[in-house]
Amino acid sequence: MNLLPAFRPLTADAILTKLCTIQVGRTLHLLAQTDSTNTAALALAQAGAPDGTVVIADTQTAGRGRLGRTWHSPPGQNLYCSVVFRTTPPAELLSLWLSWVPLFSALAVARAVHAPTGLTPGVKWPNDVLLNDRKLGGILCESSGTGRADGVVIVGIGLNVNARRDSFPEDLRGIATSLALEAGRPFDRAALAAALFAELEVRRDAFLRGDLDDIRREYALRCGTLGKRVRIERADRGTIEGIAEAVAPDGALCVRLENERSGMPEVIAIRAGDVTHMRAVRP
Ligand code: BTN
Numbered sequence: 001m002n003l004l005p006a007f008r009p010l011t012a013d014a015i016l017t018k019l020c021t022i023q024v025g026r027t028l029h030l031l032a033q034t035d036s037t038n039t040a041a042l043a044l045a046q047a048g049a050p051d052g053t054v055v056i057a058d059t060q061t062a063g064r065g066r067l068g069r070t071w072h073s074p075p076g077q078n079l080y081c082s083v084v085f086r087t088t089p090p091a092e093l094l095s096l097w098l099s100w101v102p103l104f105s106a107l108a109v110a111r112a113v114h115a116p117t118g119l120t121p122g123v124k125w126p127n128d129v130l131l132n133d134r135k136l137g138g139i140l141c142e143s144s145g146t147g148r149a150d151g152v153v154i155v156g157i158g159l160n161v162n163a164r165r166d167s168f169p170e171d172l173r174g175i176a177t178s179l180a181l182e183a184g185r186p187f188d189r190a191a192l193a194a195a196l197f198a199e200l201e202v203r204r205d206a207f208l209r210g211d212l213d214d215i216r217r218e219y220a221l222r223c224g225t226l227g228k229r230v231r232i233e234r235a236d237r238g239t240i241e242g243i244a245e246a247v248a249p250d251g252a253l254c255v256r257l258e259n260e261r262s263g264m265p266e267v268i269a270i271r272a273g274d275v276t277h278m279r280a281v282r283p
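In our numbering, the protein residues as written are 1 to 283.
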């Protein structure tokens with residue numbers, strides 16, 4: 001039977017024939033099922049896997065999300081992949097690199113979607129990918145045991161491609177979406193994976209060339225958090241509310257708080273936290 005690309009099983013060949021990168025995805029491990037592609041990629045990185053190695057799975061039995069959450073990973077529908085970044089910047093740029101990898105990876109996902117689908121997702125700081133205010137994808141960067149001190153990072157990417165509304169668990173139905181749900185038609189996962197690896201490689205190379213200003217500008221243009229009133233839950237540091245004004249050169253989110261005592265606004269830099277968009281304050 002001659003299935004449309006969108007319904008074909010994901011294969012390494014289908015991805016490789018569309019791939020135009022030099023490193024990302026050139027070493028490709030395609031698994032029918034794994035617990036988490038991040039776990040598999042961490043193990044490969046520890047064993048010396050080359051820069052740009054990708055692990056991609058049709059389904060995950062224990063997909064991990066940020067902040068200890070799970071990542072819903074049904075078979076045959078979406079993309080679940082992890083990229084090993086081993087080429088790293090000079091020591092003085094290491095902490096900037098570790099701060100920006102999650103941000104430019106989310107930007108890469110949002111950009112990669114556009115050409116194959118015509119859709120234009122945005123980014124919610126730091127690394128959620130949103131479409132029509134619902135979560136389309138997310139990034140989980142991990143580095144334990146890979147040599148974080150050397151800047152080796154695993155970039156785990158989940159992108160909801162062909163998931164139907166009823167394939168999400170009930171608690172996610174109102175807040176998650178997929179490309180197929182938004183466009184009303186399914187998409188070829190192999191083409192999306194190849195586009196994603198290319199966008200990631202471009203941004204990684206731009207960072208390593210020192211083009212952070214361009215990445216920051218591009219990120220800000222895509223970042224739906226800017227100009228919104230936000231609530232941010234910070235581990236052990238309480239919840240704050242304010243207006244998200246900018247992304248700082250180090251990737252922090254600059255939030256203007258209303259100082260209740262003096263009535264004077266105060267801007268603070270947020271480096272980690274769970275952000276909720278409340279309402280736009282831009283005209
Ligand atoms: C988030 O919470 O937004 C991040 C989700 C990241 C999910 C991806 S799916 C592929 C990779 N493997 C995992 O276990 N998690 C990431």
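No residue lacks a Cβ here, since even glycine has one placed at the ideal position from N, Cα and C.
Reference Arg185, options Val161, Asp213 and Gln33, closest by Cα: Val161
Are Gln77 and Asp51 closer than 8 angstroms when you measure CB to CB? no
List the endpoints of the continuous alpha helix (DSSP H) containing Arg64. Premise fails: Arg64 is in no alpha helix (DSSP H) and is neither H nor E.
To the nearest whole angstrom, what separates the beta carbons of Pro5 and Asp188, a pair I think is in contact under 8 angstroms? 4 angstroms
Cβ neighbour criterion (16 or more within 10 Å) applied to Pro102: buried
Less than 8 angstroms separating the beta-carbons of Val123 and Arg222? yes
Helix, strand or coil: which one does DSSP assign to Ile270? strand
Pull up the distance between the alpha-carbon of Ala198 and that of Thr21, whole angstroms please. 5 angstroms
With a threshold of 7 angstroms, establish whether the CB of Tyr219 neighbours any heavy atom of the ligand BTN. no
Heavy atom of the ligand BTN within 7 angstroms of Thr225 beta-carbon: no
Can you find at least 3 beta carbon pairs, one from the segment 41-50 and one from the segment 64-74, that sit closer than 8 angstroms? no
Just mark Phe7 as buried or exposed, buried being the case when its beta carbon has 16 or more other beta carbons within 10 Å. exposed
Does at least one heavy atom of the ligand BTN sit under 7 angstroms from the Cβ of Asn38? yes
Tell me the DSSP secondary structure of Leu253 in three-state form. strand
Residues in the same chain with beta-carbon distance under 6 angstroms from Gly137, minus the five sequence neighbours each way, listed in chain order, please. Val109, Val129, Gly158 and Leu159
Which complete beta strand (DSSP E) runs does the segment 207-252 hold, if anything under 3 residues is left out? 228-234 and 238-247
How big is the Cα-Cα spacing for Ala206 and Leu212? 7 angstroms
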